[in-house]
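As given, the protein sequences belong to chains F and C, one line each in that order.
For the first sequence, position 93 matches number 1178 in this note's numbering, and the numbering has no gaps at all.
For the second sequence, position 32 matches number 1117 in this note's numbering, and the numbering has no gaps at all.
A virtual CB, placed ideally from N, CA and C, is assigned to each residue, including glycine.
From a predicted model like this one, the values you see are computed outputs, not experimental measurements.
Heads up: the structure comes next, in structure tokens.
2 protein chains.
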Amino acid sequence: MTFRVTILGSSSALPTVRKHPSAHALNVHEQFFLIDCGEGTQTQLRRYGVSPLRVNCVFLTHLHGDHVFGLFGLISTLGLLGRRTPLQVFAPHSAEAMLRSHLQYFDAELPYELQVTEVDTCKHRLIYENKTLEVWTVPLRHRVPTAGYLFREKTPPRNIRKELIPAYGLSLAQIQAAKQGRDITLSDGTLVPNAVLTYRPYVPRSYAYLSDTAYSAKAAGLVAGTDLLYHEATFMDADRRLARQTGHSTALQAARAALAAGAGRLLIGHFSSRYKDDAVLVDEARTVFPAADAATEGDTWDIRPRADDTMPASEAVSLIGRP
Amino acid sequence: MTFRVTILGSSSALPTVRKHPSAHALNVHEQFFLIDCGEGTQTQLRRYGVSPLRVNCVFLTHLHGDHVFGLFGLISTLGLLGRRTPLQVFAPHSAEAMLRSHLQYFDAELPYELQVTEVDTCKHRLIYENKTLEVWTVPLRHRVPTAGYLFREKTPPRNIRKELIPAYGLSLAQIQAAKQGRDITLSDGTLVPNAVLTYRPYVPRSYAYLSDTAYSAKAAGLVAGTDLLYHEATFMDADRRLARQTGHSTALQAARAALAAGAGRLLIGHFSSRYKDDAVLVDEARTVFPAADAATEGDTWDIRPRADDTMPASEAVSLIGRP
């Protein structure tokens, strides 16, 4: 029942010795998803304990090099490691032609299938689902077509309140029906509402990744209620003109997005290399949204399952690993 | 008068947390040359004190990802840093089409010119020269067209023996003529041979980079007398069948190449990740060629100028930096 994200890289376009470009690894129920794939991601996966072979899907937000250039090495390495399972890549338009062109020079004979799905960066759409997870695109405002992604746990099947099975003398068929959400009519004709018989085992969790983007109230609305929001914050608010010109956000704007979304916690990153200390950006964000932190390379943030909404989402999200 | 090489990466195709893929930075008289450019090279340049902007030319041995995938990020970063000077890239056939295709997706509007020169991997040719340096291709034997590179200092102009100027009463014109290699006739008709008046300030230095390749006696011959030879050694000699199948060398074969070339010193690298300890490969090489070392990431090897051939090349080459 894991739901956690590991920051593999969070620099902006110019990587430094201490900071790799964008890449986050998301573990949902031991299924691994990669969000963005800047240069060096394959090594960062290994460094932080995720086997590259375990990556199910890659979600690229946009075709800028600092979000993409690690994919070439990862694709090759998976071939050398003998992967057979298809690798799904979700990315904006041109990704397929770009990758096919690339492959013809480098990896014409991969032992696995590379399945590229181009996403519509103007629409909020369900683009991927498995048994427990849905992934939705979130239109963003950047210089090139860009999609954020919302990773949302599906509503789990309801659990039966075990103590009520003997009390009502429920049959196996009635138990199954109740788990599927149906009300139950007992042999004496009494109707027992489903809400009495069952409970939701946990509140579905979610993680939203919004980068790169200028401030977008619409995007914040689309990820409303997310437990953990990653929002880019390339600039300080004093440089908001520069942010607007380049299609980026300031730390203050990222915090406003978190506030508008009613997020549990906020991570900010993609800081311009002009700022020598991440703390100034975090401090700025906290003036508006106190539960803000820097997306620091190597950190793992965990979202614990909550039985119900009485526990605030902010308390369910915690930093569980720092190298 | 610097002539030194810094190892930026030396892993084989599967990089690890401790080892980056192939890339060497060569500094010849404060002109910087990059040989191969595996993923992460731009960061490795910074880590080891070479500004990416100072790279004059890039020499790619072959179009396998572990020798190339860092070029995409480097090209982008140089654009972001506002480079105006053209960047020359020397590489085997297909490099130009591959890079042009790549650029149309990522860096269509670079502020500098990318000049791609495709080299003939079957010929030993002078492909680049400046005031002090020549670069020659060395045909190699790999699974795809591959060129090694020989970096050779040009013969410097001869220096005049200052003490002879008053002794022979040389005029300024006579001094200039002597520096250009001519004999001098004094006013009394005496002929003074140039070899008496002048001396070679130093023996031209050279660095040869042979990777990836199966053992090639021809390649060893083409780099005969090189002060420092980097030769790939992907396998131990016990695995020489695997080496042959994959177009690679063993540590023993690399040592034999150094011996055949009469190299001053040997660096070996590109070790398969199957070997957990570089020392076993170095030990194997030393059984045949004692002046052998591992090409260890971050190491800088310096070749000091030698006044004449009485000092063995092996003594002029030394490790001057290890992080």
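Alpha carbon to alpha carbon, how far is residue j from residue i? Give it in angstroms, no decimals.
{"i": "Thr1319/F", "j": "Leu1366/F", "result": "9 Å"}
{"i": "Ser1107/C", "j": "Pro1224/C", "result": "18 Å"}
{"i": "Thr1128/C", "j": "Val1220/F", "result": "33 Å"}
{"i": "Ile1353/F", "j": "Pro1100/C", "result": "29 Å"}
{"i": "Leu1211/F", "j": "Arg1329/F", "result": "29 Å"}
{"i": "Leu1351/C", "j": "Glu1400/C", "result": "12 Å"}
{"i": "Leu1276/C", "j": "Thr1270/C", "result": "4 Å"}
{"i": "Tyr1284/C", "j": "Pro1390/C", "result": "14 Å"}
{"i": "Ser1097/C", "j": "Gly1150/C", "result": "10 Å"}
{"i": "Ala1345/C", "j": "Ala1305/C", "result": "6 Å"}
{"i": "Arg1416/C", "j": "Pro1278/C", "result": "In the structure as shown, chain C starts at 1086 and stops at 1408, and residue 1416/C therefore has no counterpart that could be examined."}
{"i": "Val1090/C", "j": "His1152/C", "result": "17 Å"}
{"i": "Ala1377/C", "j": "Arg1132/C", "result": "25 Å"}
{"i": "Thr1126/C", "j": "Lys1264/F", "result": "55 Å"}
{"i": "Thr1335/F", "j": "Tyr1315/F", "result": "13 Å"}
{"i": "Cys1142/C", "j": "Thr1231/C", "result": "18 Å"}
{"i": "Gln1116/C", "j": "Cys1207/C", "result": "27 Å"}
{"i": "Thr1311/F", "j": "Tyr1300/C", "result": "59 Å"}
{"i": "Val1140/F", "j": "Met1086/C", "result": "49 Å"}
{"i": "Asp1273/C", "j": "Arg1237/C", "result": "42 Å"}
{"i": "Val1373/C", "j": "Leu1111/C", "result": "27 Å"}
{"i": "Ala1262/C", "j": "Gly1254/C", "result": "14 Å"}
May I ask whether a heavy atom of the ligand GTP can be found less than 7 Å away from the beta carbon of residue i?
{"i": "Thr1319/C", "result": "The ligand GTP is not part of the structure shown, which contains no ligands of any sort."}
Name the chain F residues that come within less than 7 Å of residue i, Cβ to Cβ?
{"i": "Tyr1190/C", "result": "Leu1148, Ser1179, Met1183"}
{"i": "Glu1079/C", "result": "The displayed coordinates of chain C run from 1086 to 1408. Any statement about residue 1079/C would go beyond what the structure contains."}
{"i": "His1209/C", "result": "By Cβ distance, chain F contributes nothing, its closest Cβ being about 26 Å from His1209/C, past 7 Å."}
{"i": "Ser1186/C", "result": "Ser1186"}
For residue i, which of helix, strand or coil comes out of DSSP?
{"i": "Glu1198/C", "result": "coil"}
{"i": "Pro1251/C", "result": "helix"}
{"i": "Asp1368/F", "result": "helix"}
{"i": "Ala1318/C", "result": "coil"}
{"i": "Arg1350/F", "result": "strand"}
{"i": "Ser1291/F", "result": "strand"}
{"i": "His1152/C", "result": "helix"}
{"i": "Tyr1300/C", "result": "coil"}
{"i": "Arg1028/F", "result": "Because chain F here runs from 1086 to 1408, residue 1028/F falls outside it and cannot be looked at."}
{"i": "Asp1387/F", "result": "strand"}
{"i": "Gln1189/C", "result": "helix"}
{"i": "Val1135/C", "result": "coil"}
{"i": "Val1229/C", "result": "coil"}
{"i": "Thr1126/C", "result": "helix"}
{"i": "Val1373/C", "result": "coil"}
{"i": "Ala1309/C", "result": "coil"}
{"i": "Gln1330/C", "result": "helix"}
{"i": "Arg1341/C", "result": "helix"}
Return the chain-ordered list of same chain residues with a C-beta closer than 6 Å to the C-beta of residue i, the five sequence neighbours on each side being excluded.
{"i": "Val1113/C", "result": "Phe1088, Leu1218"}
{"i": "Leu1235/C", "result": "Trp1221, Val1223, Ala1293, Val1308"}
{"i": "Arg1407/C", "result": "Asp1384"}
{"i": "Arg1228/C", "result": "Gly1332"}
{"i": "Ala1398/C", "result": "Asp1312, Gly1349"}
{"i": "Ala1176/C", "result": "Leu1145"}
Going along chain C, which residues have a C-beta under 9 Å from residue i?
{"i": "Thr1231/F", "result": "Going along chain C, no residue has its Cβ under 9 Å from Thr1231/F, so there is no contact; the nearest lies around 15 Å."}
{"i": "Leu1165/F", "result": "Ala1098, Leu1099"}
{"i": "Gly1383/F", "result": "Chain C residues near Gly1383/F: none, gap ~12 Å exceeds 9 Å."}
{"i": "Gln1330/F", "result": "None at all; the shortest Cβ gap to chain C is about 15 Å."}
Closer than 8 Å by beta-carbon distance: list the chain F residues that pair up with residue i, in chain order.
{"i": "Glu1194/C", "result": "By Cβ distance, chain F contributes nothing, its closest Cβ being about 12 Å from Glu1194/C, past 8 Å."}
Who are the neighbours of residue i on chain C, taking C-beta pairs under 8 Å?
{"i": "Ser1161/F", "result": "Ala1098, Gly1150, Asp1151, Phe1154"}
Among the residues of its own chain, which have a CB less than 7 Å from the CB of residue i, if the five just before and after it don't count?
{"i": "Leu1163/F", "result": "Pro1137, Leu1138, Leu1172, Tyr1197"}
{"i": "Ala1380/F", "result": "Ile1092, Ser1095, Tyr1315, Leu1352, Ile1353, Gly1354"}
{"i": "Lys1361/F", "result": "none"}
{"i": "Phe1356/C", "result": "Ser1097, Ala1318, Thr1319, Asp1363, Leu1366"}
{"i": "Tyr1287/C", "result": "Pro1241, Pro1390, Arg1391, Ala1392"}
Assuming residue i and residue j are in contact, meaning their beta carbons sit under 8 Å apart, how far apart are those beta carbons, in whole angstroms?
{"i": "Leu1327/C", "j": "Glu1369/C", "result": "Not a contact, Cβ separation roughly 15 Å."}
{"i": "Leu1295/F", "j": "Ala1342/F", "result": "7 Å"}
{"i": "Glu1124/F", "j": "Glu1382/C", "result": "Contact flag wrong, Cβ pair sits at about 17 Å."}
Starting from the C-beta of residue i, find all residues in its chain whose C-beta is less than 8 Å away, skip the five residues before and the five after it, and write them out in chain order.
{"i": "Lys1239/F", "result": "Glu1214, Lys1216, Thr1217, Leu1218, Glu1219, Pro1289"}
{"i": "Ala1491/F", "result": "For residue 1491/F there is no data in the structure shown, the boundaries of chain F being 1086 and 1408."}
{"i": "Phe1157/F", "result": "His1187, Phe1191"}
{"i": "Leu1199/C", "result": "Ile1160, Pro1171, Leu1172, Val1174, Leu1184, Leu1188"}
{"i": "Gly1167/C", "result": "Pro1196"}
{"i": "Ile1260/F", "result": "Ile1245, Ile1250"}
What does residue i reach in chain C if we use C-beta pairs closer than 7 Å?
{"i": "Val1102/F", "result": "Thr1128, Arg1131, Arg1132"}
Cβ closer than 9 Å: which chain F residues qualify as neighbours of residue i?
{"i": "Phe1157/C", "result": "Glu1124, Gly1150, Val1153, Phe1154, Phe1157"}
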